[in-house]
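First comes the structure, then the notes that go with it.
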Amino acid sequence: MSVKAIPEGFHSITPYLVCNGAEKAVEFYQHAFNAQLVLRLDMPDGRIAHAEIKIGDSHIMLTNEHPEMGFVSPETLGGAGVSLMLYGDDCDAMFAQAISAGATELRPLTDQFYGDRTATVKDPFGHVWTIGTHKEDLTQQQLEQRMAEFMSNFQQH
Numbered sequence: 003m004s005v006k007a008i009p010e011g012f013h014s015i016t017p018y019l020v021c022n023g024a025e026k027a028v029e030f031y032q033h034a035f036n037a038q039l040v041l042r043l044d045m046p047d048g049r050i051a052h053a054e055i056k057i058g059d060s061h062i063m064l065t066n067e068h069p070e071m072g073f074v075s076p077e078t079l080g081g082a083g084v085s086l087m088l089y090g091d092d093c094d095a096m097f098a099q100a101i102s103a104g105a106t107e108l109r110p111l112t113d114q115f116y117g118d119r120t121a122t123v124k125d126p127f128g129h130v131w132t133i134g135t136h137k138e139d140l141t142q143q144q145l146e147q148r149m150a151e152f153m154s155n156f157q158q159h
């Protein structure tokens, strides 16, 4: 019997979030993004050692901070160096649900030059999420033209 190098349901790259309070993070993601808890392994003290959730068709792993092993949260680091992109059919509703669950708006819902409608939020654990719906398929040439127009308008302000 052969074992797959990438487990069933996972992708080549899978985010592994470090949270100060992973237990509350799992609950938040369930309320904000309709996450399903796939796996939870607890430490003897009841804190999450490792958890896996599924949002849409993607798995995300998470754990509590373990500074002794180099695992610290964005809160401890003073910010996040990575943003997660979450696509769905109705980003307006997804954004409203995330805000209702306790996320903080960083960028409002906007129709972007690259064909997506997006908004950006920060979750209560310091992780940044861009929530979007893909609205248009564009060619490289269209993207370049729209970006030039966007940058021209952006520089005028």
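Residue numbers for the sequence shown follow the working numbering, so the first one is 3 and each next one is one higher. Just so you know, even glycine gets a beta-carbon here, dropped at the ideal spot from N, CA and C. A quick note: this is a predicted structure, and the numbers were derived from the prediction, not measured.
Going by beta carbons, Ala-82 and Val-130 fall inside the 7 Å limit. Collapsing the DSSP output to three states places Ala-121 in a strand. For Lys-137, the three-state secondary structure derived from DSSP is coil. Between the alpha carbons of Phe-115 and Met-149 lies a distance of about 7 Å. Here the region 84-98 does not lie against the region 45-55, with fewer than 3 beta-carbon pairs under 8 Å apart. Per DSSP, the continuous beta strand (DSSP E) segment holding Asp-113 begins and ends at 106-113.
The residue from Glu-10, Ile-8, Tyr-31 with its alpha-carbon nearest to that of Phe-127 is Tyr-31.
In this structure, Ala-103 lies near His-33, with their beta-carbon atoms less than 7 Å apart.
DSSP places Ala-7 in the coil class of the three-state scheme, outside both helix and strand. In the DSSP assignment, Asp-59 falls outside any beta strand (DSSP E), carrying neither H nor E.
For Thr-132, the secondary structure class from DSSP, reduced to helix, strand or coil, is strand.
Around the beta carbon of Ser-75, 16 or more other beta carbons lie within 10 angstroms, which makes this residue buried.
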